[in-house]
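2 protein chains.
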Amino acid sequence: MSGNLAIVGIGPGDLKLVTPMAREAIEQAEIIVGYKPYIKLIESLLTKQEIEANGMTREVERAQIAVEHAFSGKKVAVISSGDAGIYAMGSLVYQMLQDKGWDKDHETKVTMVPGITAANACASLVGTPLGHDGCTISLSDLLTPWTLIEQRIDAAAQADFSITFYNPRSRRRVNHIERAQEILLCYRDPNTPVAIIDNAYRGDEQSIQISDLANFTDCEFAMTAAVIVGNSQSYLFDDKIITPRGYDNKYCFESGEVKQGQKRGKALNTKELIA
Amino acid sequence: MSGNLAIVGIGPGDLKLVTPMAREAIEQAEIIVGYKPYIKLIESLLTKQEIEANGMTREVERAQIAVEHAFSGKKVAVISSGDAGIYAMGSLVYQMLQDKGWDKDHETKVTMVPGITAANACASLVGTPLGHDGCTISLSDLLTPWTLIEQRIDAAAQADFSITFYNPRSRRRVNHIERAQEILLCYRDPNTPVAIIDNAYRGDEQSIQISDLANFTDCEFAMTAAVIVGNSQSYLFDDKIITPRGYDNKYCFESGEVKQGQKRGKALNTKELIA
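In order, the protein sequence lines correspond to chains A and B. Okay, so the first sequence: first residue is 515 according to this note's numbering, each after it adds one. Okay, so the second sequence: first residue is 515 according to this note's numbering, each after it adds one.
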């Protein structure tokens, strides 16, 4: 009997943000492999599945266990919070499959089930801070040289991307976000709005703080938070952060018609914009 | 009677990727506002809702209609494909609310429902091309000056981000992706894997092409595609693109133990990495 291996993103935590496709993969699995706190998030979906849960920095073992069970003919779901393809188990499971000689003609079928990643989940709680081009940067140096992370922060600041920082702090790693702030302040206004969202869509544990680039590192937050920094066009509206897509450059909001010098369906006329 | 306005991301198209929270917002709405093709994607969820659908470049009218109905006491859902906060109706609706004098004490309640954005949906069909830091860039210059878009491509290339291009081509806009390719080739290997995913999770219309940085612009694709370009570490494995998170730098895949010179839960030792 041939097994299968589903690599499943469960979204931020709320069962209302677990897609039907993810739920189906979990319900049909014989074995669920995951980080303990993530297993807990989907506990109420579990019936008779066998659970292989372990702790942080044990990702390689989880990938091994998942691949071995799938090769032995079991239906396995490896779960990650958010999207399993971003800072998650996805790449590692594929690398483990490769290490064990898997290819697409192997009897074990492998599928990815996408999920709502932290950037999108967190952004939705504070308006539309990611309304235009943006990037995600993890501040964890457990697997990535810090010099590369700094380069990326610098380039992202230059590009005027909205930035979502994953893993902004941990018990051992308290200064990285301060260094990120320092780099960003070389390029962006100290008043640039910043949102810190901790435990998004995890019930009472959810916390939301709105601050600015000059001051946000004074806030308390942990590894489970995401920090979203707006771009040069972002602004505070009420208690939300809005990053415009640019409709106001081209259209009159009252009439819905294009402004003078602009054409619907044509490139933005930047001469008129400056004038 | 006070209305409400839900800004809802429906994901890529497949109903199995519409979250229960999004489905609930759609089912409870009296009026659904959206771009015609997106309304079509969720048609089977509709019962007696009134539909306000229109075409491309009519986003400002859609936002107006949505806000007016909500202010008149109706339950309104504005739908976007993917996530409504990214290159979508979210920012525009908030700007329209602002224009019409809304604030958080207004009797009309406004909520965002996050969705699976195209980057995550498309990536899941081709492995884990977004396994590390990445960015999204729209190549549409309808609302954004092309000079700014070029700057962002350049910075993203320097940062060694995985890049997801939204709106890579349109009938009128055929050369932008070639220019993006030119810029990227100044920094990245011509063999860098590239995936082109068109109509992800839209049944028979879905198409997947795997190519490389030197050749991908020879492929046929349209505005509904996303183009994902790997980073310097991305590689082809079977028919998938893998962008490693970096576990292989630190851990032995056979034993699950850290390699010599590395410590579990501590920063990556880059000296050992180079040695």
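Glycine residues also receive a C-beta, built at the ideal position from the N, C-alpha and C atoms.
Any chain B beta carbon closer than 8 Å to residue i
{"i": "threonine 790/A", "result": "Outside the shown range of chain A, which is 515 to 789, sits residue 790/A, and nothing can be said about it."}
{"i": "glycine 574/A", "result": "According to the sequence displayed, residue 574/A carries valine and not glycine. True, the Cβ-Cβ gap to chain B drops below 8 Å."}
{"i": "serine 652/A", "result": "yes"}
{"i": "aspartate 762/A", "result": "yes"}
{"i": "lysine 773/A", "result": "no"}
{"i": "proline 758/A", "result": "yes"}
{"i": "alanine 789/A", "result": "Residue confidence for alanine 789/A is low, a pLDDT of 46 falling below 50, so the modelled location carries little weight; the figure read from the coordinates is stated next. Not an interface residue."}
{"i": "alanine 740/A", "result": "no"}
{"i": "glutamine 720/A", "result": "no"}
{"i": "phenylalanine 675/A", "result": "yes"}
{"i": "alanine 641/A", "result": "Inspection of the sequence shows that residue 641/A is occupied by glycine rather than by alanine. With 8 Å as the cut-off, glycine 641/A counts as an interface residue toward chain B."}
{"i": "leucine 814/A", "result": "Nothing about residue 814/A can be read from this structure; chain A reaches only from 515 to 789."}
{"i": "glycine 717/A", "result": "no"}
{"i": "glycine 779/A", "result": "yes"}
{"i": "glutamine 672/A", "result": "yes"}
{"i": "alanine 669/A", "result": "yes"}
{"i": "arginine 666/A", "result": "yes"}
{"i": "lysine 754/A", "result": "yes"}
{"i": "threonine 622/A", "result": "no"}
{"i": "glycine 645/A", "result": "yes"}
{"i": "glycine 770/A", "result": "yes"}
Cβ of residue i within 8 Å of any chain A Cβ
{"i": "valine 547/B", "result": "no"}
{"i": "cysteine 649/B", "result": "yes"}
{"i": "tyrosine 765/B", "result": "yes"}
{"i": "lysine 578/B", "result": "Here residue 578/B is glutamine; the residue named in the question, lysine, does not match the sequence. Output row for glutamine 578/B: interface = yes."}
{"i": "proline 707/B", "result": "no"}
{"i": "methionine 737/B", "result": "no"}
{"i": "serine 496/B", "result": "Beyond the ends of chain B as shown, which are 515 and 789, falls residue 496/B; an answer cannot be given."}
{"i": "proline 534/B", "result": "yes"}
{"i": "lysine 530/B", "result": "yes"}
{"i": "proline 497/B", "result": "Because chain B in this structure spans residues 515 to 789, residue 497/B falls outside the shown range and cannot be described."}
{"i": "phenylalanine 730/B", "result": "no"}
{"i": "glutamine 542/B", "result": "no"}
{"i": "phenylalanine 745/B", "result": "Phenylalanine is not the amino acid found at residue 745/B; the sequence shown has asparagine there. Output row for asparagine 745/B: interface = no."}
{"i": "phenylalanine 852/B", "result": "Beyond the ends of chain B as shown, which are 515 and 789, falls residue 852/B; an answer cannot be given."}
{"i": "threonine 678/B", "result": "no"}
{"i": "leucine 559/B", "result": "no"}
{"i": "aspartate 617/B", "result": "yes"}
{"i": "valine 522/B", "result": "no"}
For residue i: DSSP bridge partner residues
{"i": "tyrosine 680/A", "result": "Ser652/A"}
{"i": "aspartate 732/A", "result": "DSSP, once it has assigned bridges, lists no residue as partnering aspartate 732/A."}
{"i": "glutamate 564/B", "result": "Ile545/B"}
{"i": "proline 791/A", "result": "Summary: the structure shown does not reach residue 791/A, with chain A confined to residues 515 through 789, and so no result is reported for it."}
{"i": "aspartate 712/A", "result": "Ser721/A, Ala739/A"}
{"i": "lysine 623/A", "result": "Asn518/A"}
{"i": "threonine 642/B", "result": "Ile756/B"}
{"i": "valine 590/A", "result": "Leu519/A, Ile545/A"}
{"i": "valine 574/B", "result": "The partner list for valine 574/B (beta bridge, DSSP) is empty, contrary to what the question assumes."}
{"i": "valine 772/B", "result": "Tyr765/B"}
{"i": "tyrosine 749/B", "result": "Ile756/B"}
{"i": "glycine 596/A", "result": "Gly525/A"}
Whole-number beta carbon distance between residue j and residue i, since they are thought to touch under 8 Å
{"i": "serine 595/B", "j": "glycine 527/B", "result": "7 Å"}
{"i": "alanine 598/B", "j": "glycine 629/B", "result": "6 Å"}
{"i": "valine 627/B", "j": "isoleucine 521/B", "result": "7 Å"}
{"i": "leucine 531/B", "j": "tyrosine 715/B", "result": "6 Å"}
{"i": "leucine 555/B", "j": "isoleucine 524/B", "result": "6 Å"}
{"i": "methionine 477/B", "j": "alanine 584/B", "result": "This structure leaves residue 477/B out entirely; chain B is present only between 515 and 789."}
{"i": "serine 684/B", "j": "methionine 603/B", "result": "Between methionine 603/B and serine 684/B the Cβ distance is about 19 Å, and since that is not below 8 Å, they are no contact."}
{"i": "leucine 653/B", "j": "proline 682/B", "result": "5 Å"}
{"i": "valine 590/B", "j": "glycine 517/B", "result": "7 Å"}
{"i": "threonine 706/A", "j": "alanine 633/A", "result": "Not a contact, Cβ separation roughly 17 Å."}
{"i": "serine 746/B", "j": "aspartate 674/B", "result": "5 Å"}
Check: residue i C-beta below 7 Å from any heavy atom of the ligand MG
{"i": "isoleucine 755/A", "result": "The ligand MG is not among the ligands present in this structure, which contains no ligands whatsoever."}
Tell me, please, whether the region 706–714 of chain B touches the region 741–752 of chain B by the rule of three or more beta-carbon pairs shorter than 8 Å.
yes
Contact between the region 751–762 of chain B and the region 640–658 of chain B is defined here as three or more beta-carbon pairs at a separation below 8 Å; is this criterion met?
yes
Contact residues within the region 600–613 of chain A, judged by C-beta distance below 7 Å to chain B:
Taken in chain order, the members of the region 600–613 of chain A whose beta-carbon sits within less than 7 Å of a beta-carbon on chain B are Ile600, Tyr601, Gly604, Ser605, Leu606, Tyr608, Gln609, Met610, Gln612, Asp613.
Within the chosen definition, does the region 528–548 of chain B reach the region 561–574 of chain B through at least 3 CB pairs nearer than 8 Å?
yes
Per the contact definition of three or more C-beta pairs closer than 8 Å, is the region 647–665 of chain A in contact with the region 668–677 of chain B?
yes
Counting beta carbon pairs with one atom in the region 712–724 of chain A and one in the region 676–694 of chain A, are three or more of them shorter than 8 Å?
no
Taking any Cβ of chain A, which residues in the region 625–640 of chain B have a Cβ under 8 Å from it, in chain order?
Answer in chain order: Met626, Val627, Pro628, Gly629, Ile630, Thr631, Asn634, Ala635, Ala637, Ser638, Leu639.
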